[in-house]
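Colleague:
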Amino acid sequence: MRIQVFTTDSSDQHYNDLPNWNGFFFHKSRVYIPVSVPIDDHAYSEMGYKWQFQDEFGNWIQYGKISSSKNSACKVTTSSEAIERQFAKNPNAIIRITSPTFQYRLDFNTMKQTNLRTQVIRDVRRVAEDRWGAMNYAFEPWFRKYTKVVAPLKLDKKPKLIYQVINTKREDVFKARMAQLQRKNPHVKYEIKELFHGTSSSNAISIAHENIDFARHGPNYICGKGAYFTNDVEMSRRYGDAIFICKVLVGLFIKGNSNISKAPEDNSMDTTVDDINNPTIFVKYDFREFYPVYCLLMED
Numbered sequence: 364m365r366i367q368v369f370t371t372d373s374s375d376q377h378y379n380d381l382p383n384w385n386g387f388f389f390h391k392s393r394v395y396i397p398v399s400v401p402i403d404d405h406a407y408s409e410m411g412y413k414w415q416f417q418d419e420f421g422n423w424i425q426y427g428k429i430s431s432s433k434n435s436a437c438k439v440t441t442s443s444e445a446i447e448r449q450f451a452k453n454p455n456a457i458i459r460i461t462s463p464t465f466q467y468r469l470d471f472n473t474m475k476q477t478n479l480r481t482q483v484i485r486d487v488r489r490v491a492e493d494r495w496g497a498m499n500y501a502f503e504p505w506f507r508k509y510t511k512v513v514a515p516l517k518l519d520k521k522p523k524l525i526y527q528v529i530n531t532k533r534e535d536v537f538k539a540r541m542a543q544l545q546r547k548n549p550h551v552k553y554e555i556k557e558l559f560h561g562t563s564s565s566n567a568i569s570i571a572h573e574n575i576d577f578a579r580h581g582p583n584y585i586c587g588k589g590a591y592f593t594n595d596v597e598m599s600r601r602y603g604d605a606i607f608i609c610k611v612l613v614g615l616f617i618k619g620n621s622n623i624s625k626a627p628e629d630n631s632m633d634t635t636v637d638d639i640n641n642p643t644i645f646v647k648y649d650f651r652e653f654y655p656v657y658c659l660l661m662e663d
């Protein structure tokens, strides 16, 4: 995943005001820790680096945590801190890590993880946390892409920053899902909508890396217990100081209610809405059917 930044401020001062955004990375950057310095296990968790792999759905998963498929048999038991400890000892090493079912080879030079049984290869990255700062590409307000994103929205105030979230694997998963549904339901005309998801900027990094979490629907899930989107940018603004512009796959929809926790399985409906005739709220139940493309950081 790559993230680009478009800004209305030509200075670098705004970065100092946004500590929660400093985790964004643009390439595999390495900062070596002197091997001669004794560091205990607890210190490695405080170093500010996390190790992650990209799963089959394009999401970045921290080592030691379960992937998007929720398959515990594939959960790597080696922790991020343990991998960082090995990296500190030898940043050119190839190490072996395990899950309850598989063994993997992790190559620090190529930043690849290989399943020794299936030979499936995953991308790996070492992500710096806030204290290590960020590497951002900033553009002036007259930059064409900044204007292209902002102009159609007709916002009262321009965003302080625009982040472009680029994750080609997630896009591929989205396209594959659309093709799958179209084959299954040839009578349905599927549409890719650009919808908005409002949230707090404190959630922005996790959304950029891991997509929108269903658990963030909040207590007022009037249209269903899924991921919420709207075609009204001002409505999304009510939910926080960050607005995600997302690609959302919409086919057939029904009116939602608070008891719905997944799309109906007995028909081809994939979305629930607030109003069948003139929907403004769209709720999705499969993370393969949406992904963020831009994040607008607004004034508080």
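Take 364 as the starting number for the sequence shown in our numbering and just add one per residue. Note that CB positions come from ideal geometry on N, CA and C, so glycine has one too.
(1) Take K413 and list the residues in its own chain whose beta-carbon comes closer than 6 Å to its own, dropping the five residues that flank it on each side.
(2) Quick one: which unbroken alpha helix (DSSP H) runs of 4-plus residues sit fully inside the stretch 590-617? Chain order, please.
(3) Locate the beta strand (DSSP E) running through H572, then write down its first and last residues.
(4) Measuring only the C-alpha atoms, how far is F645 from L659?
(5) Can you name the residues that DSSP bridges to Q417?
(6) With distance defined between alpha-carbon atoms, name the residue in R448, D638 and I460 nearest to G587.
(7) Determine the closest residue to N620 out of A567, E554, N630 and T634, with distance taken between C-alpha atoms.
(8) Using a 10 Å radius around the Cβ and a threshold of 16 neighbouring Cβ atoms, would you call H550 buried or exposed?
(9) Report the three-state DSSP secondary structure of T510 (helix, strand or coil).
(10) D486 bridges to which residues according to DSSP?
(11) Taking buried to mean at least 16 other C-beta atoms within 10 Å of its own C-beta, is S563 buried or exposed?
(12) I'd like to check one pair, V512 with I525: are the Cβ atoms closer than 9 Å?
(13) Quick one: is N385 buried, meaning 16 or more other Cβ sit within 10 Å of its Cβ, or exposed?
(14) Can you tell me whether N574 is buried or exposed, with buried defined as 16 or more other CB within 10 angstroms of its CB?
(15) Give the straight-line distance between the Cα atoms of I570 and I608, rounded to the nearest whole angstrom.
(16) Since I460 sits in a beta bridge, which residues does DSSP pair it with?
Modeller: With the given structure in hand:
(1) Counting from one through the sequence shown, the residue named residue 413 turns up at place 50. Result list for K413: Q425, S443 and V490, in chain order.
(2) List check, alpha helix (DSSP H) in window: 596-600.
(3) On the sequence shown, residue 572 is found 209 positions in, with the first residue counted as 1. Per DSSP, H572 belongs to no beta strand (DSSP E); it is in the alpha helix (DSSP H), A567 to E573.
(4) Residue 645 sits at position 282 when you count from the first residue of the sequence shown. Residue 659 sits at position 296 when you count from the first residue of the sequence shown. Approximately 20 Å between the Cα atoms of the pair.
(5) Walking along the sequence shown from the start, residue 417 turns up at place 54. According to DSSP, Q417 bridges with W423.
(6) Residue mapping note: residue 587 aligns to position 224 of the sequence shown, counting from 1. Closest in alpha carbon position to G587, among R448, D638 and I460, is D638.
(7) To locate residue 620, count along the sequence shown from 1; it is residue 257. Of the candidates A567, E554, N630 and T634, the one whose C-alpha sits nearest the C-alpha of N620 is T634.
(8) In the sequence shown, the residue the question calls residue 550 occupies position 187. Classification for H550: exposed.
(9) Numbered from its first residue, the sequence shown carries residue 510 at position 147. Of the three classes helix, strand and coil, the one that applies to T510 here is helix, per DSSP.
(10) Translated into positions along the sequence shown, residue 486 becomes position 123. Its beta-bridge partners are K475.
(11) Here residue 563 refers to the residue found at position 200 when the sequence shown is read from its first residue. It is exposed - the Cβ of S563 has fewer than 16 other Cβ atoms within 10 Å.
(12) The count along the sequence shown starts at 1 and reaches residue 525 at position 162. The count along the sequence shown starts at 1 and reaches residue 512 at position 149. The answer is yes: Cβ separation under 9 Å.
(13) Here residue 385 refers to the residue found at position 22 when the sequence shown is read from its first residue. Residue placement at N385 is flagged as unreliable, the pLDDT there being 39, under the threshold of 50; a coordinate-derived value is accordingly withheld.
(14) Reading the sequence shown from its first residue, position 211 is the one you call residue 574. The residue in question, N574, is buried, as its Cβ has 16 or more Cβ neighbours within 10 Å.
(15) To locate residue 570, count along the sequence shown from 1; it is residue 207. To locate residue 608, count along the sequence shown from 1; it is residue 245. It is roughly 12 Å from the alpha-carbon of I570 to the alpha-carbon of I608.
(16) As a first step, residue 460 must be located in the sequence shown, where it is residue number 97. BP columns for I460 point to Y467.
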